[in-house]
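There are 2 protein chains.
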Amino acid sequence: MPIDPDATIEITAFEWVPPFAQGFVRDLRPRWACEEIGLAYRERLISAVDRPEWYYAEQPWGQVPHLREGEIAMFESGATLVHLGEKGGLLPKDGQPRATVLSWLFAAYNSVEPAMFEIANATIFARKQDWAPLRLPSLLEDTGKRLDRLAAALGDSEWIAGDFSIADIAMVTVLRDIDRTELVAERPGLRDYVERGKARPAFKQALADQMRHFEANAPKQTAGA
Amino acid sequence: MPIDPDATIEITAFEWVPPFAQGFVRDLRPRWACEEIGLAYRERLISAVDRPEWYYAEQPWGQVPHLREGEIAMFESGATLVHLGEKGGLLPKDGQPRATVLSWLFAAYNSVEPAMFEIANATIFARKQDWAPLRLPSLLEDTGKRLDRLAAALGDSEWIAGDFSIADIAMVTVLRDIDRTELVAERPGLRDYVERGKARPAFKQALADQMRHFEANAPKQTAGA
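Below, the structure written as structure tokens:
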């Protein structure tokens with residue numbers, strides 16, 4: 382589905398990010414949901430390097446994504462997934478199916494992703510700080526135990542909460558964020574689950590659309606730098 | 382509102398937790414929502430010390446809360462807040478009010494609480510590990526910056542997302558979890574916000590109900606221990 386400058390839905394993303402983050406920025410999540418549902422959207426690109434001060438009034442921490450639909454604005458990728466999911470069947474309307482999807486959606490955001498944040502701190506952002514190499518072993522061990530329970534809950538199921546849902550968009554992208562560790566690769570059930578997610582045409586399109594602008598918007602090498 | 386053993390809603394909580402956790406276990410959140418809405422609930426108490434293996438089939442990490450309403454079961458306190466909020470006006474049905482509450486609900490769970498988890502690790506659970514005292518300064522500094530932006534977004538508003546909502550139940554309990562640091566006390570806007578939340582009769586009742594069983598269920602001192 383091509384990006385549509387006249388679409389009612391607008392997704393805010395970064396015009397460029399450093400290579401380690403390319404393909405992993407969280408506007409990927411609402412992009413993926415839109416592609417699954419067949420909802421056209423337009424893009425608003427802002428600078429991650431020189432974050433515009435006005436943007437903090439729309440997103441308190443200057444993060445992406447931010448999403449608009451007509452007059453309605455929201456932030457936090459989890460909120461965008463609930464909003465989009467309710468439009469297109471990726472969040473069931475009621476009963477146990479809805480409760481199961483909501484449970485796993487929050488599990489991805491609050492019981493799995495926080496460990497990913499600290500792994501990213503210890504291996505990327507703060508890797509040269511004295512605490513990072515000391516913290517990493519117990520962090521990986523504790524996260525591994527959490528992932529063992531996740532793998533057990535997934536079992537042989539294709540998706541984490543019944544039919545494919547916003548819980549899978551969240552969980553697959555959360556697990557994919559630690560591709561640089563062995564935590565997922567060591568657990569075949571989770572590895573295959575992530576691969577199933579990445580094989581969906583909607584994921585591939587969303588990823589391509591996030592990546593599309595990075596090369597053209599890469600910072601110029603300054604002379605003598 | 383007294384706990385009602387015949388209520389349709391069931392909240393699973395721990396029969397006892399160590400003193401540092403008493404009053405801070407996350408079944409407080411759906412208890413608080415039920416009290417605000419006036420929904421009767423019953424309790425199911427399990428051991429935190431000797432976590433029953435069967436419980437992991439209901440909650441993948443053995444955590445609380447777990448919530449049932451009739452035949453419908455769910456876990457993750459965020460999911461219980463969405464479920465309860467939709468019944469009683471604490472989550473608006475549509476438009477910008479709903480988008481704003483969902484944004485701040487996920488902000489509490491994914492942009493603020495993850496830092497609280499790592500602060501708890503560094504100051505309680507892993508405080509004797511070599512990395513903890515090295516990690517703490519930058520963790521507190523980064524969290525402080527995040528809270529500065531939160532305080533700016535709150536401004537002079539009484540609540541974080543319009544009328545009192547499930548976003549406040551989440552954000553107040555998340556901020557209250559770092560009472561043992563100065564991070565909230567140093568920011569009068571956030572300090573007053575947390576105090577406003579704690580002053581609500583529904584919060585006080587929920588807190589009293591969580592605390593009620595701890596004394597009777599405290600582990601017996603074993604002779605010679």
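Each protein sequence line maps, in turn, to chains A and B. Each residue of the first sequence is one higher than the one before, counting from 382 in the working numbering. Each residue of the second sequence is one higher than the one before, counting from 382 in the working numbering. Glycine is no exception: its CB is placed at the ideal position from the N, C-alpha and C atoms.
- Any Cβ of chain B closer than 9 Å to the Cβ of A/G466 would place that residue at the interface, and such an atom is absent.
- For B/P433, the number of other beta carbons within 10 angstroms of its own is below 16, and it is reported as exposed.
- Put simply, the backbone Cα of B/G570 is about 13 Å away from that of B/E563.
- Taking 9 Å as the threshold, the shortest C-beta distance from A/V565 to chain B does not fall below it.
- Taking all protein chains shown into account, B/P495 has 16 or more neighbouring C-beta atoms within 10 Å of its C-beta and is therefore buried.
- In the three-state reduction of the DSSP assignment, B/R432 falls in the coil class, being assigned neither a helical nor a strand state.
- A/T524 sits in a helix when the DSSP states are folded into three classes.
- Using a Cβ-Cβ cut-off of 9 Å, A/Q586 does not count as an interface residue toward chain B, since no Cβ of chain B sits closer than that to its own.
- Per DSSP, the unbroken alpha helix (DSSP H) holding A/E417 starts and ends at 409-418.
- Just so you know, the alpha carbons of A/E467 and B/N598 end up roughly 43 Å apart.
- Comparing C-alpha distances from A/Q510 to each of B/S484, B/A414, B/P514 shows the shortest one belongs to B/P514.
- For B/A542 against B/W485, the beta-carbon gap comes to about 4 Å, under 8 Å, which counts as contact.
- For B/G469, the nearest beta carbon of chain A is not closer than 9 Å to its own beta carbon.
- Sixteen is the threshold: when 16 or more other Cβ atoms of the shown chains lie within 10 Å of the Cβ of B/R557, as they do, the residue is buried.
- Taking 9 Å as the cut-off, the beta carbon of B/M455 is found closer than this to the beta carbon of A/L483.
- Residue state for B/E494 is assigned as helix, using DSSP reduced to three classes.
- Non-local C-beta neighbours of A/L535 in its own chain, meaning closer than 8 Å and more than five positions away in sequence, comprise I541, G570, L571, Y574, ordered along the chain.
- Per DSSP, A/T461 is one residue of the alpha helix (DSSP H) stretching across 458-469.
- For B/Q586, the CB contacts under 7 Å within the same chain, skipping 5 residues up- and downstream, are M382, E416 in chain order.
- Annotation for A/T562: no alpha helix (DSSP H) segment contains it, and DSSP assigns it neither H nor E.
- Boundaries around A/T393 are those of the beta strand (DSSP E), 390-395, since no alpha helix (DSSP H) includes it.
- For a Cβ distance threshold of 9 Å, residue set R530, A533, A534 of chain A lies close to B/Y437, ordered along the chain.
- With contacts defined by Cβ atoms closer than 9 Å, B/I559 and B/T524 form a contacting pair.
- Chain B has a Cβ within less than 9 Å of the Cβ of A/A454.
- In the structure shown, the three-state DSSP call for A/I505 is helix.
- Residue state for B/I541 is assigned as coil, using DSSP reduced to three classes.
- The continuous beta strand (DSSP E) containing A/I427 extends over residues 422-427.
- Nearest to A/L426 by C-alpha distance, out of A/L420, A/A438, A/Q444, is A/Q444.
- One alpha carbon belongs to A/P441, the other to B/G578, and they sit about 21 Å apart.
- Contact between B/L588 and B/L448 does not hold, since their C-beta atoms are separated by about 18 Å, which reaches or exceeds 8 Å.
- Think of a sphere of 7 Å around the beta carbon of B/W512: the chain A residues whose beta carbon falls inside it are W512, L515, R516, in chain order.
- DSSP places B/R449 within a strand segment (E or B) once states are collapsed to three.
- Note on geometry: alpha-carbon atoms of B/L517 and A/K474 lie some 43 Å from one another.
- Per DSSP, B/M552 has no beta bridge partner at all.
- The Cβ atoms of B/I418 and B/T461 lie no closer than 9 Å to each other.
- Cα atoms of B/R423 and B/R412: separation of roughly 10 Å, rounded to the nearest angstrom.
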